[in-house]
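Undergrad:
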Amino acid sequence: MCVTMSQKIQDAETMCSDAHNPLYIKGIKMLKEICMNSLIDVRTRVQAYRKLLSIDINHAIDAVARFRDSIPHLPGDAQIHMVEFIRELSQLSNLDPYERITCAICVFNNRFIEYCYPMFEFLMYDPSLLITYRVEASRFLIYSEIDTYTKGVNEVLLSIIKDVSYPSEYRYNIIAGFITTTGISTIFNTAKLNVAYNEELCHNLQTAFFFNDKNGVRERILSGQHILQMDISSEENKRSVANTLLHIAKTYDASTYVVATHQPRIQPTNSNVDVKADAADVVLRLGTPEEIEQARAIIADLGRVIYDEHGNRIRDTTSIYDNMQNVHTSSVQDSVDEFIIKLINETKARGVENYAQIHSQITDFIYHYNICPEQRLKAFKAIDRISIDTATFSKCKVSSAELLVHIWHRILKYEDKEIKYTLQKRLVDELIDMNDTCSSGHSARLSNVLSGYGFDLHISFEEQVVANVKARINARIKLLSEDDQVNVAMGVMENASDDDRLAYTTFIDDVLPSIRTELADEFVDGGYIKSSDFDAYFAKAALIMR
266 MCVTMSQKIQ DAETMCSDAH NPLYIKGIKM LKEICMNSLI DVRTRVQAYR
316 KLLSIDINHA IDAVARFRDS IPHLPGDAQI HMVEFIRELS QLSNLDPYER
366 ITCAICVFNN RFIEYCYPMF EFLMYDPSLL ITYRVEASRF LIYSEIDTYT
416 KGVNEVLLSI IKDVSYPSEY RYNIIAGFIT TTGISTIFNT AKLNVAYNEE
466 LCHNLQTAFF FNDKNGVRER ILSGQHILQM DISSEENKRS VANTLLHIAK
516 TYDASTYVVA THQPRIQPTN SNVDVKADAA DVVLRLGTPE EIEQARAIIA
566 DLGRVIYDEH GNRIRDTTSI YDNMQNVHTS SVQDSVDEFI IKLINETKAR
616 GVENYAQIHS QITDFIYHYN ICPEQRLKAF KAIDRISIDT ATFSKCKVSS
666 AELLVHIWHR ILKYEDKEIK YTLQKRLVDE LIDMNDTCSS GHSARLSNVL
716 SGYGFDLHIS FEEQVVANVK ARINARIKLL SEDDQVNVAM GVMENASDDD
766 RLAYTTFIDD VLPSIRTELA DEFVDGGYIK SSDFDAYFAK AALIMR
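Just so we're aligned, residue 266 is where the sequence shown starts under the working numbering, counting upward by one.
Right, dumping it as structure tokens:
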């Protein structure tokens, strides 16, 4: 009597009814053979695989891997039948999501284009799949450059980007993955997908993200920056973005800024001043002349802040401030631009195309560098920010990521191992210090890594003396008791009491002589400037302080 395939599958199931049954392995083998047989119709093969999956998941996972691996080795029709079979397996909701997306990528890698894109589309729309895998499927659909698929990608990604139940950083990184002119990186393939930058898609995603005030403020600032850089963005949209950034720069307060309450926070609350400076920095670089003036005024005001020993803001003043915002002065920016151009001309590195490799080398060095876990985390966070920052600097339009590549290339070119290691450590130290600072701060700190080794930032000595006086006064304020800090800060206010004013002037008179001695040792005894010039510069700084 002729035995049907359905009967064979049933017989195999009976053999596998008990794992201790001597026929168990025989039943498993029978199901696998049915699945592998290209002469059997796909529907029956899927039926056999479903049965295998319900009986023994480990054997089922092993089998699907074998099916995928067999594709390049099968002849003619058998190969097509296997691809059709794997396509059906990718739609099984009870199959591990990793195996499902891997099936589609395997079909893509074997160049069965007419089969793989419908597979990716099905997976992208499947709400039961992990977001990570749905986004991965969307990357391959963007590569297709077929309108039907790219419209679907826009629809699905917008729904994901708008869903605040997922962390803000996670969603922004999804967008950042599509901001590239060198090909889209994927999780499963080492080679990038060589597809043109889709500005329309990025603009839609960034706009939805930026104008949702439930998203993290740092990510919103990066999003707004990218919108201002886009040719496709309308003037009306750009002005709306710039005004929102200026509003953040003027009013941001971490204690009242509300991120979706059910959203896990990946990063600690940002410093108010750092966030304000970051928002203003974007407008300073990309705004209209009127907006730039507003941003410049905000940044100047942010420099006049006093902190207590815990890093909390005490009071704004009109004279005392450290030099944390000096990076926005034109002389510093010009010096950084000059450094970048000189560095690029010397290294001849290929920039962002090598970023993945350089990123791996630097993160490995950070991991093995002897620093505390908190500092290591700050360095890693700075690297992450650099990876997704779209800001560009100098006439070469170099991003922070490209600048990092050039600097690392230059460090590795030093033959002296001690110098090389010193510069690698300095880079890590700068990464730690630049954590939570603005894009301009990143470029300035990265540029500072090679200072003293053939690449120096040229800032006028007058500015350096004045900045050093301000910074050292601020450092000494931080050493005071909290009550004394408040008194000194209050002493420069227009309506300061006589006692507060006296506290301030007494403090300045007490600290200026020691600061003068320190700076004279550095600038005059170090042979940088003449004593008469130093006296004039210091007198100017002292006048500002008083």
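No residue lacks a Cβ here, since even glycine has one placed at the ideal position from N, Cα and C. Only a predicted model underlies this, so the values are computations on that prediction, with no experimental measurement involved.
(1) Does valine 789 come out as helix, strand or coil in the three-state DSSP assignment?
(2) Buried or exposed: where does histidine 491 fall if 16 or more other Cβ atoms within 10 Å of its Cβ makes it buried?
(3) Whole angstroms is fine: what's the gap from isoleucine 738's alpha carbon to leucine 745's?
(4) With the cut-off set at 8 Å, would you say glutamate 353 and valine 307 are in Cβ contact?
(5) Just grab the DSSP bridge partners of phenylalanine 658 for me.
(6) Determine the contact status of phenylalanine 474 and valine 506, defining contact as a CB-CB distance below 8 Å.
(7) Return yes when the C-beta of isoleucine 623 is under 7 Å from any heavy atom of the ligand SAH, and no when it is not.
(8) Pick out whichever of Thr367, His674 and Phe350 has its Cα sitting closest to the Cα of asparagine 619.
(9) Name, in chain order, the residues that DSSP records as bridge partners for leucine 458.
(10) At the level of alpha carbons, what is the spacing between aspartate 681 and threonine 687?
(11) Below 8 Å between beta carbons: does that hold for threonine 565 and isoleucine 486?
(12) Taking the beta carbon of asparagine 689 as the centre, do at least 16 other beta carbons fall within 10 Å, making it buried, or is it exposed?
(13) By alpha-carbon positions, which one of Arg561, Leu767, Glu683 and Arg483 ends up nearest to alanine 647?
(14) What is the DSSP secondary structure of serine 319, reduced to helix, strand or coil?
(15) What distance in whole Å lies between the Cβ atoms of leucine 511 and glutamine 471, which are believed to be in contact at a cut-off of 8 Å?
(16) Going by beta carbon distance, what residues of the same chain come within less than 6 Å of glutamate 278, once the five residues before and after it are set aside?
(17) Just confirm the distance between the C-beta atoms of serine 659 and isoleucine 605, as a whole number of angstroms; I'd bet it's less than 8 Å.
(18) For a minimum of 4 consecutive residues, which ranges assigned as the alpha helix (DSSP H) are wholly contained in the segment 692-747?
(19) Who are the near neighbours of leucine 839 in its chain, counting only those whose CB is closer than 6 Å to its CB and skipping five residues on each side?
(20) Roughly how many angstroms separate the alpha carbons of glutamine 356 and glutamate 465, rounded to a whole number?
(21) Quick one: give me the first and last residue of the alpha helix (DSSP H) that threonine 384 is part of.
(22) If we ignore side chains and look at the alpha-carbon of each, how far apart do asparagine 477 and serine 433 end up?
(23) Of all the options Ser712, Ile351, Asn610 and Ile426, which has the alpha carbon lying nearest to the alpha carbon of valine 601?
(24) So, under 8 Å CB-CB, serine 303 and alanine 343 are touching, yes? Tell me the CB distance rounded to an integer number of Å.
(25) Which word fits glutamine 590, buried or exposed, when buried means at least 16 other C-beta atoms lie within 10 angstroms of its C-beta?
(26) At 4 residues or longer, and completely inside the segment 460-521: list those alpha helix (DSSP H) runs for me, N to C.
(27) Cutting at 6 Å between CB atoms, please list the residues of its own chain near lysine 503, excluding the five before and the five after it.
(28) Is threonine 415 helix, strand or coil by DSSP?
(29) How many Å lie between glutamate 747 and methionine 699 at the Cα?
(30) Can you tell me whether phenylalanine 443 is helix, strand or coil according to DSSP?
(31) Whole angstroms is fine: what's the gap from leucine 423's alpha carbon to asparagine 469's?
(32) Taking the alpha-carbon of serine 450 as reference, which of Thr413, Glu420, Ala402 and Cys381 has the nearest alpha-carbon?
(33) Between the Cα of valine 311 and those of Val348, Asp276, Asp334 and His338, spot the shortest distance and give me the residue it belongs to.
(34) Alpha carbon to alpha carbon, what distance is there between cysteine 300 and alanine 325?
(35) Which same chain residues, not among the five before or five after phenylalanine 377, have their C-beta less than 6 Å away from its C-beta?
(36) Using only CA atoms, which one of Val693, Phe332, Val400 and Phe385 lies nearest to asparagine 438?
TA: Reading it off the structure:
(1) In the structure shown, valine 789 sits in coil (DSSP, three-state: anything other than H, G, I, E or B).
(2) buried
(3) 11 Å
(4) yes
(5) Val663
(6) no
(7) Judged by which ligands are present, the structure shown has none, so any question about the ligand SAH falls away.
(8) His674
(9) Beta-bridge pairing links leucine 458 to Ile449.
(10) In this model, aspartate 681 and threonine 687 are separated by some 10 Å (Cα to Cα).
(11) Position check: residue 565 holds alanine in this sequence, whereas threonine was assumed. Going by C-beta atoms, alanine 565 is not nearer than 8 Å to isoleucine 486.
(12) According to the sequence shown, residue 689 is glutamine rather than asparagine. Classification of glutamine 689: buried, given that the 10 Å Cβ count is 16 or more.
(13) Out of Arg561, Leu767, Glu683 and Arg483, Arg483 has the C-alpha closest to the C-alpha of alanine 647.
(14) helix
(15) The pair is not a contact, with the Cβ atoms about 18 Å apart (cut-off 8 Å).
(16) Lys316
(17) Taking the Cβ atoms as the reference, serine 659 lies roughly 4 Å from isoleucine 605, within the contact range of under 8 Å.
(18) 704-713 and 726-743
(19) What the structure shows of the chain is the stretch from 266 to 811, and residue 839 is not part of that stretch, so it cannot be assessed.
(20) 30 Å
(21) Here residue 384 turns out to be methionine, not threonine, going by the sequence shown. Looking at the DSSP string, the run of the alpha helix (DSSP H) that includes methionine 384 is 378-390.
(22) 10 Å
(23) Out of Ser712, Ile351, Asn610 and Ile426, Ser712 has the C-alpha closest to the C-alpha of valine 601.
(24) Contact flag correct, Cβ pair sits at about 4 Å.
(25) Low confidence applies here, because glutamine 590 scores a pLDDT of 48, under 50, leaving its location unreliable and the question unanswered by this model.
(26) 464-475, 482-494 and 500-516
(27) Leu493
(28) helix
(29) Near 26 Å, if we compare the C-alpha coordinates of methionine 699 and glutamate 747.
(30) Coil at phenylalanine 443, not helix or strand.
(31) 8 Å
(32) Ala402
(33) Val348
(34) 11 Å
(35) Val348
(36) Val400
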